[in-house]
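Numbering (this note's numbering), first residue to last: 241 to 359.
Structure below.
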């Protein structure tokens, strides 16, 4: 007869026959012997590596499924933005040309405000 303590702490008595007890002991000894085999150790190491790779693959697939790759692909990278800034798309303006453009822009704003006030 053996006693098993549950997680709650109370002792629960379990009665087993001597034949069952011997069977359990032989079973445990067989498992201990099996675990000492170099072939089993190699198989377990291969299985652990296989399971690690399977978990990584499933995680990668889940991340890929969660991301909106079309939106991410459409957004330019920092390197692309830097390349765009480095390339001149139009000739540089002189200070006189910049002042003329600003004056014309303010003239359009003043004209728009005058039409709003007249209405």
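No residue lacks a Cβ here, since even glycine has one placed at the ideal position from N, Cα and C.
Next on the checklist: Let's see if you can read the secondary structure: which residues bound the alpha helix (DSSP H) around residue 281?
Outcome noted: For the purposes of this step, residue 281 is taken as residue 41 along the chain shown, with counting starting at 1. Segment 278-306, the alpha helix (DSSP H) holding residue 281.
Checklist entry - In whole angstroms, what is the alpha-carbon distance linking residue 269 and residue 253? => result Here residue 269 refers to the residue found at position 29 of the chain shown. Here residue 253 refers to the residue found at position 13 of the chain shown. Cα to Cα, the separation comes out at about 24 Å.
Checklist entry - Do residue 280 and residue 274 have their C-beta atoms closer together than 8 Å? => result Locating residue 280 in the chain shown gives position 40, counting from the first residue. Locating residue 274 in the chain shown gives position 34, counting from the first residue. A contact, by the Cβ cut-off of 8 Å.
Next on the checklist: If you follow the alpha helix (DSSP H) that residue 355 is in, where does it begin and where does it stop?
Outcome noted: If you number the chain shown from 1, residue 355 lands on position 115. From DSSP, the alpha helix (DSSP H) with residue 355 extends over 335-358.
Checklist entry - Looking only at its own chain, which residues have a Cβ that is under 8 Å from the Cβ of residue 339, when we skip the five neighbours before and after it? => result Mapped onto the chain shown, residue 339 falls at position 99. Closer than 8 Å at the Cβ level, and outside the excluded window around residue 339, lies no residue.
Checklist entry - By how many angstroms is the C-alpha of residue 300 removed from the C-alpha of residue 309? => result Reading the chain shown from its first residue, position 69 is the one you call residue 309. Reading the chain shown from its first residue, position 60 is the one you call residue 300. Looking at the two C-alpha atoms, the distance is approximately 14 Å.
Item to check | residue 350 to residue 313 span [Cα, whole Å] | outcome: Start at 1 with the first residue of the chain shown, and residue 350 comes out as number 110. Start at 1 with the first residue of the chain shown, and residue 313 comes out as number 73. Between residue 350 and residue 313, the C-alpha separation is close to 42 Å.
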